[in-house]
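Q: The structure is given below, and queries will be raised subsequently.
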Amino acid sequence: MTETGSRLAEQAPGDAAKSPQRRALRALMRDPMALAGGTVLVAAVLVAALAGVIAPYDPEEMFVIDRLSAPSRTYLFGTDNFGRDLLSRVVHGARTSLLVAGLVAGAATLFGVAVGSVAGYYRRVDGPLMRLMDALMAFPSILLALAIMAILGRGILNVVIALTLVYTPAMARLVRGAVLAAKEYEYVEAMRALGGRDWRLLIGHVLPNALSVIVVQATFISVYAILAEAGLSFLGAGAPPSVPSWGGILAEGREYMIEAPWIMIFPGLAITVTVLGLNLLGDGLRDALDPSTQKGG
Amino acid sequence: MLIYALQRAVATVPTVLLAAVLAFVLIRLAPGDPAAAFLSPAATQDEVAAVRQRLGLDLPVPVQFAYWFGNVLRGDLGRSFFLGRDVTTAIAERIPATLQLTVLALAFALVVGVSAGVLAAVNHNRLVDRVVMIVSLLGVSVPVFWLGLLLMWVFAVNLRWFPTGGYVPITEDLLGGLRSTALPAISLGTLHATLIARITRSSMLEYMRKDFARTARSKGLSERRINLKHVLRNALIPVVTVVGGTLGTLLSGAVIIETVFTYPGIGRLVVRAVQQRDYNLVQGVLLVVTGIYVFVNFLVDVSYGFFDPRIRYD
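Here the protein sequences line up with chains A and B, keeping their order. Residues in the first sequence are numbered from -7 upward in steps of one, following the working numbering. Residues in the second sequence are numbered from 9 upward in steps of one, following the working numbering.
Below, the structure is given as C-alpha cells:
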C-alpha cells in the first residue's frame, strides 16, 4: 500500500513540476517587458538596501539657507521646505515602501494560503471562514486600512498589520478556489483513499498546484501595498513623520506646489516607476506560469 | 430572474451583518476609554463612570452591539465627538458630493475606456493599439493622488482652467459643478478607464473572430457596422463585470482624491474622523460605505441577465 502510494506521489504533477517551472522561467526570461520590470525591481531593491551609501546627504539634515531650492548639481532633486535634500529623502523613502510591500505580500500570502487551504480542504469550516473573508472584502480597502490605522496609530508595523488584514481575504479566496480544484484531481483522491495525511497532501501535493496563482497574486499584492502605503502616508495615517516615505513627501509637496513643484514630482515618479516595474513583472509571471498563454510552449 | 435577485439579496444580509459586527468590534479594540473622549483629562472617576453609563458602555459587549445595531436599523449612527452632531446627518450631507464625484469618474472611465479599447482592437497590432496599451499600463501604475496633484498643478495652478478645490453641486449649477468636479473625477476615473480599455480591447478581439462576425462580414456589412453594432454589444458584457468590481476601488480612491482637492465628500470626512480619532464617525462611514458597496455589487450581479439574455439564473 505504501509502495503504491509513493509511486502515485512520484507521478503527481506537484512533484514532477520541474520542467514546467523551468519552461516558465525560460518564457519569463524571453519576455522583454517582464525583464524590464524585473530590472526595475532589482534596481529599486538595491537603492533601498544601499540607501545609506547612495544618498548624498542625511535625509533629515536641514540646509535652511537652501530651503525650497530647485533641482541643481548640488541637490539633484532640489530641497524641501526644511532645506532637506529631496534625492536623499526619496532614496530613503524606497526603504519604507519596499519594506512594507515585501512584508505585506509575505504576510498576506502566508495567512491567505493558510485560511484558503483550510477553507478549501475542510468543508466544515469553509462557510464561516469565507463569510468572514467576504465581510472583510466588503470594506473598500483604503477605508478599512484607515479605520485600522485609527485604532493602531501611525507606524510602519501598524501599516503592515492593517494592509495584511486588507489583502489577506483576496489571497485566501484565490487559494481556496485552487485547492478546491486540486482536491478533485484523481491522484489526490487516490492518495486520500490510501490514507495519506491531510496536511501532507495539502502541503506536498495540493498547494504546489496552486503555486503559480499564489506567486502572481503576491506580486500584485506588493503593488497594491506600495500604493496603499503611499496613500496612507499621504493622508497622514501611515509612516510617522520621522520616517521618510514617498507618500509623506508627496503630502508635504502639495503645500508647496506653486513655489516648489519638484517636491511632489520626484516621489510620485519613484512610486510610478516601481509600481510599473512590478506590474510588468506580474504580467510576465502570469503569462509565463499560465501554459495556455505560452507561445509555442 | 426575480427568484435569483431575491436569493442574492438574502445572501448579502450575512455579509452586511458581519461587516457591521467587524466595524463595531474594530472600534472597540481601540485603546483608551471612549467615555474619556467626552470629558476633560481632569474628570473624576465618578464623572467617567456616569458617562460610561449614559453611553451604555458599562453593559456587556453583545448587549452594546444589540443596542447599537438596533439604532443603526432606525437610521441612528450615534453622535460625532468631533463634529458635535449626528453621524447620520453628517454623512447624509456629504453623500451628494461623493456621488457626484464617483458618477462623473465612472462616466469618464466608461467613455474614455470603451473608446480607447475599441480603437485599439480595430487597429490591432498597429501604432494606436500600442499607444493605448502603453498608456493603460502607465494608468494602472500611477498613484491616483499623484495624478490628481499633477492635474491640479498643470490645469488649475498654471493654466487656471479649473479651480484647485471646492465643490459646486451639479444640481444647482451644471457648468460650475462640472468645472469643480472635472479634475478630481478625471484623476479618480483614469485607473478605471485603463482597466476598461484593456478589457474592452481583449473582449472586442475575441468577438471579432466569432462566427457571427464572420457571417456579417460575408453578408457584406461594413466593418464599422459589424464592430459597433454587433461586436461591441457582446464585448461590453465583461466590461459590466469590471465596472462592478471597480466600484470599491472608486470609493477607496475617492477618500484620497477628496483630500487632494479639498472636496467636501464622505472620504474627506472619514480622513478627518481618523485624524481626530472620532470612532463613531469612522464606524458610521465604514458601515454606510460598505452598505453602498454591497448594494451596488448586488445590482451589478443581477444586471448580468439584462445585458446578456443568454445568462440563466437557475
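Idealized CB from N, CA, C, for every residue including glycine.
#1: Could you confirm whether any beta carbon from chain A is found closer than 8 Å to the beta carbon of Ile264 of chain B?
#2: Extract the residue ranges of the alpha helix (DSSP H) inside the region 204 to 241 of chain A, only unbroken runs of 4 or more that lie entirely within it.
#3: So who's on the other strand from Arg93 of chain B, going by DSSP bridges?
#4: Kindly list the residues whose CB is nearer than 7 Å to the CB of Leu20 of chain A, restricted to its own chain and excluding five residues on each side of it in sequence; keep chain order.
#5: Please name the residue in B:Thr172, B:Thr20 and B:Arg138 whose C-alpha comes closest to that of Tyr301 of chain B.
#6: Less than 7 Å separating the Cβ of Ser123 of chain B from some heavy atom of the ligand HEM?
#7: Between the C-alpha atoms of Gln209 of chain A and Met129 of chain A, what's the straight-line distance to the nearest angstrom?
#8: Compute the Euclidean distance between the alpha carbons of Leu102 of chain A and Pro48 of chain A, then round it to the nearest angstrom.
#9: What distance in whole Å lies between the Cβ atoms of Leu268 of chain A and Leu146 of chain B, which are believed to be in contact at a cut-off of 8 Å?
#10: Of all the residues that make up the region 119 to 135 of chain A, which are near chain B by a beta-carbon distance shorter than 9 Å?
#11: Have a look at Glu2 of chain A and Gly196 of chain A and give me their C-alpha separation to the nearest angstrom.
#12: Hey, does Pro63 of chain A have any beta-carbon neighbour from chain B nearer than 8 Å?
#13: So if I threshold CB-CB distances at 7 Å, which residues from the region 9 to 31 of chain B count as touching chain A?
#14: Under 8 Å, Cβ to Cβ, is there at least one residue of chain A near Ser195 of chain B?
#15: Compute the distance between the beta-carbons of Phe258 of chain A and Phe74 of chain A, then report whether it is under 8 Å.
#16: Taking the C-alpha atoms as reference points, what is the distance between Leu158 of chain B and Leu261 of chain A?
#17: Terminal residues of the continuous alpha helix (DSSP H) containing Gly78 of chain B?
#18: Could you have a look at Asp66 of chain B and say whether DSSP puts it in helix, strand or coil?
#19: Among residues of its own chain, excluding the 5 on either side of Leu186 of chain B, which ones have a beta-carbon nearer than 8 Å to its beta-carbon?
#20: Spell out the partners DSSP gives Asp77 of chain A in its beta bridges.
#21: Which residue marks the beginning of the alpha helix (DSSP H) containing Gly274 of chain A, and which one marks its end?
#22: Apart from the five residues just before and just after Ser88 of chain B, which ones in its own chain have a Cβ nearer than 7 Å to its Cβ?
#23: When you compare only the Cα positions, how much space is there between Leu144 of chain A and Gln283 of chain B?
#24: Could you tell me whether any Cβ in chain A is nearer than 8 Å to the Cβ of Pro171 of chain B?
#25: In its own chain, which residues sit with a C-beta less than 7 Å from the C-beta of Val117 of chain A, not counting the 5 before and 5 after it?
#26: Beta-carbon separation of Gly121 of chain B and Ile245 of chain B under 8 Å?
#27: Given that Thr264 of chain A touches chain B, what residues does it touch there, using C-beta distances under 8 Å?
#28: Please work out which residues of its chain come closer than 7 Å, Cβ to Cβ, to Ala193 of chain B, disregarding the five sequence neighbours upstream and downstream, and give them in chain order.
#29: So, is Phe212 of chain A buried or exposed, given that buried needs 16 or more other C-beta atoms within 10 angstroms?
#30: Anyone know if the C-beta pair for Val8 of chain B and Gly156 of chain B falls short of 8 Å?
#31: Quick check on Arg106 of chain B - is its C-beta less than 8 Å from some C-beta in chain A?
#32: Thinking Ala99 of chain A and Thr156 of chain A are a contact (beta carbons under 8 Å), I'd like their distance in whole angstroms, please.
#33: Let's see if you can read the secondary structure: which residues bound the alpha helix (DSSP H) around Val32 of chain A?
#34: Per the contact definition of three or more C-beta pairs closer than 8 Å, is the region 160 to 180 of chain B in contact with the region 78 to 86 of chain B?
#35: Compute the Euclidean distance between the alpha carbons of Leu91 of chain A and Ala217 of chain A, then round it to the nearest angstrom.
A: Quick look at the numbers:
#1: By one-based count along the second sequence, residue 264 of chain B stands at place 256. True, the Cβ-Cβ gap to chain A drops below 8 Å.
#2: As summarised for the region 204 to 241 of chain A, there are no continuous alpha helix (DSSP H) elements at least 4 residues long confined to that stretch.
#3: Here the question's residue 93 of chain B lines up with position 85 in the second sequence. B:Ser88.
#4: Counting from 1 along the first sequence, the entry for residue 20 of chain A is found at position 28. Excluding sequence neighbours, Leu20 of chain A sits near Ala26, Gly276, Leu277 and Ala280.
#5: Residue mapping note: residue 301 of chain B aligns to position 293 of the second sequence, counting from 1. Checked all of B:Thr172, B:Thr20 and B:Arg138; the closest Cα to Tyr301 of chain B is B:Thr20.
#6: The model depicted lacks the ligand HEM and carries no ligand whatsoever.
#7: Translated into the one-based positions of the first sequence, residue 209 of chain A becomes position 217. Translated into the one-based positions of the first sequence, residue 129 of chain A becomes position 137. Distance between the alpha carbons of Gln209 of chain A and Met129 of chain A is about 16 Å.
#8: Counted from its first residue, the first sequence places residue 102 of chain A at position 110. Counted from its first residue, the first sequence places residue 48 of chain A at position 56. For Leu102 of chain A and Pro48 of chain A, the distance between alpha carbons rounds to 37 Å.
#9: In the second sequence, residue 146 of chain B corresponds to position 138, counting from 1. In the first sequence, residue 268 of chain A corresponds to position 276, counting from 1. Right, their Cβ atoms sit about 7 Å apart.
#10: Arg123, Leu124, Asp126, Ala127, Leu128, Met129, Ala130, Phe131, Pro132, Ser133, Ile134 and Leu135
#11: Taking the first sequence and counting its residues from 1, the one referred to as residue 2 of chain A is at position 10. Taking the first sequence and counting its residues from 1, the one referred to as residue 196 of chain A is at position 204. Reliability fails at Glu2 of chain A, whose pLDDT of 45 lies under 50, so the model's placement of it is uncertain and the value that follows must be treated cautiously. Per the coordinates, the alpha-carbon of Glu2 of chain A lies some 11 Å from the alpha-carbon of Gly196 of chain A.
#12: For the purposes of this step, residue 63 of chain A is taken as the residue at position 71 of the first sequence. It does not: the Cβ of Pro63 of chain A has no partner Cβ on chain B nearer than 8 Å.
#13: Pro22, Thr23, Leu26, Ala27 and Leu30
#14: Within the second sequence, the letter at position 187 stands for residue 195 of chain B. Not one chain A Cβ lies under 8 Å of Ser195 of chain B.
#15: The residue given as residue 258 of chain A occupies position 266 in the first sequence. The residue given as residue 74 of chain A occupies position 82 in the first sequence. Not closer than 8 Å, so no.
#16: As a first step, residue 158 of chain B must be located in the second sequence, where it is residue number 150. As a first step, residue 261 of chain A must be located in the first sequence, where it is residue number 269. For Leu158 of chain B and Leu261 of chain A, the distance between alpha carbons rounds to 11 Å.
#17: As a working mapping, residue 78 of chain B is identified with position 70 in the second sequence. Element bounds for Gly78 of chain B: Val69 to Leu81.
#18: As a position in the second sequence, residue 66 of chain B is number 58, starting the count at 1. Coil at Asp66 of chain B, not helix or strand.
#19: Within the second sequence, residue 186 of chain B is the residue found at index 178, counting from 1. Closer than 8 Å at the Cβ level, and outside the excluded window around Leu186 of chain B, lie Leu112 and Ile178.
#20: In the first sequence, counting from the first residue as 1, residue 77 of chain A sits at position 85. Asp77 of chain A is bridged to A:Thr71.
#21: In the first sequence, the residue the question calls residue 274 of chain A occupies position 282. Trp254 to Leu281 is the extent of the alpha helix (DSSP H) around Gly274 of chain A.
#22: As a working mapping, residue 88 of chain B is identified with position 80 in the second sequence. So the qualifying residues of the chain are Val95, Ala98, Asp286, Asn288 and Leu289.
#23: Taking the first residue of the first sequence as position 1, residue 144 of chain A is located at position 152. Taking the first residue of the second sequence as position 1, residue 283 of chain B is located at position 275. Going by the C-alpha atoms only, they are around 12 Å apart.
#24: Stepping through the second sequence from its first residue, residue 171 of chain B is reached at position 163. No, Pro171 of chain B does not count as interfacial toward chain A.
#25: On the first sequence, position 125 is the one that residue 117 of chain A refers to. Within the same chain, Val117 of chain A has close Cβ partners Val110 and Ala111.
#26: The residue labelled residue 121 of chain B in the question sits at position 113 within the second sequence. The residue labelled residue 245 of chain B in the question sits at position 237 within the second sequence. Contact: no.
#27: On the first sequence, residue 264 of chain A is found 272 positions in, with the first residue counted as 1. Within 8 Å Cβ-Cβ: Leu146, Ser149, Val150, Pro151 and Trp154.
#28: Here residue 193 of chain B refers to the residue found at position 185 when the second sequence is read from its first residue. These residues qualify, in order along the chain: Leu109, Leu112, Ala113 and Phe116.
#29: Here residue 212 of chain A is taken as the residue at index 220 of the first sequence, counted from 1. Phe212 of chain A counts as buried, since no fewer than 16 other beta carbons sit within 10 angstroms of its beta carbon.
#30: Any property of residue 8 of chain B remains undetermined from this structure, which presents chain B solely from 9 to 322.
#31: Locating residue 106 of chain B in the second sequence gives position 98, where the first residue counts as 1. A small correction: the amino acid at residue 106 of chain B is Thr; Arg does not occupy that position in the sequence shown. Answer no: the Cβ-Cβ gap between Thr106 of chain B and chain A never drops below 8 Å.
#32: Indexing the first sequence from 1 puts residue 99 of chain A at position 107. Indexing the first sequence from 1 puts residue 156 of chain A at position 164. About 4 Å; that satisfies the 8 Å criterion.
#33: Position 40 of the first sequence, counted from the first residue, corresponds to residue 32 of chain A. Pro24 to Ala41 is the span of the alpha helix (DSSP H), which, as asked, contains Val32 of chain A.
#34: no
#35: One-based indexing of the first sequence puts residue 91 of chain A at position 99. One-based indexing of the first sequence puts residue 217 of chain A at position 225. Leu91 of chain A and Ala217 of chain A have their C-alpha atoms roughly 10 Å apart.
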